[in-house]
Structures are given as structure tokens and as C-alpha cells.
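What follows is one structure encoded as C-alpha cells, with my remarks underneath.
In the working numbering, the protein residues as written are 9 to 246.
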């Protein structure tokens, strides 16, 4: 499978959602090759189907709060964050959870390329840095994932924090997880890492992982289910 990457620049969330639906319809119908939209959004909060009212921002700081049809809970998108929407038909032998793990593995590889060690935390989607008690740091999420699958074809996707303003995350409960933090590549490396800096690595790793070949998964960190939930994997699909 050959992925087509489309660099869209900065796009308002609702405009990008319309674009996703258009591309999704064509990919699902076999009229367009699998396509990955790569872009940034102006500040916006998007609330997935499992978002609780208490997790929404009391003061969104002028950013819109939009309810969306993906799995998962509420997250933030803004400048300095790479948002990727892979719109691909899933082969019959690939389960939704396998697809999610492949996207996570691609982002783990991107972080590794830049010198940041990350992995999965079973029970919580996304890509994480391990807690560092010596520095007083809890586990930190650096990339969020939330998807939807319709007609066997994916939409929505991932958000990788490159140089995003982390102050936005103080306004709500990111992904509904109050006992962990959020970070960025810039924060972890002590130097500015832009969206443009990571694009070649993102394209390379997504191309590799979405070729559906076997791969060696990065070892997980200790399981930490979401507060109030059992230790299970969430499929992030309606």
C-alpha cells in the first residue's frame, strides 16, 4: 500500500473535519489511495464520545469546544502540534486495536529519532514518557490518539505535541486522565522542535507501520488503567 501524504498547513477544525469526510468517502469507495492529512489547528478542544461533563474546560480561553464522533475523551489541538489524520482501508486481517497500536508505534519511533524515549501505557491510549520521581515528574503523554472506523476505513487520528503551548492543558482534564501530565518534544529536549522538524520522520514511520508487515513492538510501561476503569484496552471506535 502506498500512502499519499497531504500537507494542509493550518486549518480550522470544522473545515478539516469536512475534508476528512470527503477523503474518507473516496478512499472507502476505492476512488483515492490511502491518504494521511498532516496539519495544525488553531486552538480548539475536541470532545470524544466518552467525555464527562466534569472534564470539559470551565474557561476555554476563547477556543471552541467541539463534540466529535471519534472514540476517547476530550483533548486539545493548537499551533505547534502536528495533527495527523490517516484515512486508510483496514485489511481484513487487521483489527482496529492493531491499527491503533501501529500508529502508536510509528509515533514512538518518531520520538526515538529525536532522542526522546517513549512507550505505551496499557489501559491508556497514546504515547507516553515514563515517570521520573527524581525530577518530580509523573508519567506524561506526548501524543494522543482517537479514531473512528466506518466502511472499514479509518478517520480522525493522532496529535503529536511538538512545540505546543502546554498552558492550554491546565484548562481541562486531558483525555479524562487527572493523575498524569502532558508534555512536548520541546519541553523534553530543552530546545524548540517544530512541526516541520518532525514531518520526515512521521512520514517514514507511518509508511513503514501501515504497510501491515510484522514488527517488533516497543515494550510497554506498567499498566495504568484510566481512573474508574478496569485494566482493559479501549478500541477507540464507536
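Backbone N, C-alpha and C define an ideal beta-carbon position, used for all residues, glycine too. Model, not experiment: these values are computed from the prediction.
Beyond the five residues adjoining it in sequence on each side, residue 215 comes within less than 7 Å, by CB distance, of 11 in the same chain, given in chain order. In the DSSP assignment, residue 12 falls within the unbroken beta strand (DSSP E) covering 12 to 18. Judged by beta-carbon spacing, residue 218 lies beyond the 8 Å limit of residue 168, meaning their Cβ atoms are not closer than that value.
DSSP places residue 152 within a strand segment (E or B) once states are collapsed to three.
Between residue 128 and residue 112 the beta-carbon gap is near 6 Å, inside 8 Å, which marks them as a contact. The shortest CA-to-CA distance from residue 47 to any of 23, 220 and 34 is the one to 23. In the same chain as residue 102, and ignoring 5 residues on each side of it, the C-beta atoms closer than 7 Å to its own belong to 220, in chain order. Straight-line spacing of the CA atoms in residue 203 and residue 210 works out to 10 Å. Considering only 157, 196, 176 and 110, the residue with the shortest C-alpha distance to residue 143 is 196. Fewer than three Cβ pairs drawn from the segment 87 to 97 and the segment 55 to 68 lie within less than 8 Å of each other, which leaves the two stretches out of contact.
By the criterion of a C-beta distance shorter than 8 Å, residue 21 is surrounded in its chain by 49, 50, 52, 54, 72, 74 and 85, once the five residues flanking it on both sides are discounted. The beta carbons of residue 173 and residue 201 sit no closer together than 8 Å.
If the five residues before and after residue 16 are omitted, its C-beta is found closer than 8 Å to the C-beta atoms of 24, 27, 45, 46 and 47, all from its own chain and listed in chain order.
By the beta-carbon neighbour count (other beta carbons within 10 angstroms, threshold 16), residue 165 is buried. Distance from the CA of residue 183 to the CA of residue 149, rounded to the nearest whole angstrom, comes to 10 Å.
Pairing residue 154 with residue 83 gives a Cβ-Cβ distance under 8 Å. Within the model, the alpha-carbon separation for residue 229 versus residue 126 is close to 9 Å.
Residue environment: residue 135 is assigned as buried (16 or more neighbouring CB atoms within 10 Å of its CB, all protein chains considered). Residues 28, 32, 95 and 156 of the same chain have their beta carbon placed closer than 6 Å to that of residue 163, with the five preceding and five following residues left out of the count.
When rounded, the separation of the alpha-carbon atoms in residue 118 and residue 69 is 31 Å.
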